[in-house]
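Residue numbering for the sequence shown is 1 to 90, as defined by the UniProt record's numbering. Single-structure report; data block below.
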Amino acid sequence: MWIEYMFKKRKYTPSQQGLEELRADIALIAANARTYHQPLRDEALREAAAKAAKAKAASRAAQRQRLEEESPECREAAKDALAKAMSSAA
1 MWIEYMFKKR KYTPSQQGLE ELRADIALIA ANARTYHQPL RDEALREAAA KAAKAKAASR
61 AAQRQRLEEE SPECREAAKD ALAKAMSSAA
């Protein structure tokens with residue numbers, strides 16, 4: 001209910017940027033639970049929460065890309081190890 005209110009009040013756009021703004025506002029509310037019912041006026045805190053959300057998303061993307069790049073190498077190493085184990089067992 002409160003998120004619906006914020007979505008209508010702040011007029012978030014249905015895009016990635018709007019989602020990041022909504023997440024930043026939710027993080028701000030969670031960090032400042034005593035005054036969650038008051039209008040969000042502290043832009044510096046909101047910007048810090050938005051930067052943290054962006055950094056977290058960027059780190060996830062970088063980690064996913066790194067794992068995708070390492071995946072073929074790991075498969076080849078596993079195949080080689082399996083082939084060596086099979087040849088030594090025979």
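For every residue, glycine included, the Cβ atom is placed at its ideal position computed from N, Cα and C.
query                                                                                                      : result
Residue range of the alpha helix (DSSP H) that includes P14                                                : That residue, P14, is in no alpha helix (DSSP H); it is neither H nor E in DSSP.
Touching by the beta-carbon criterion (3+ pairs, under 8 Å), the segment 48 to 65 and the segment 16 to 34 : yes
C-alpha gap between E70 and K9, whole angstroms                                                            : 45 Å
Rounded straight-line distance, which links the Cα of A78 to that of P14                                   : 44 Å
Length of the line joining the Cα atoms of L45 and Q65                                                     : 30 Å
Buried or exposed by the 16-neighbour rule on C-beta atoms within 10 Å, applied to D25                     : buried
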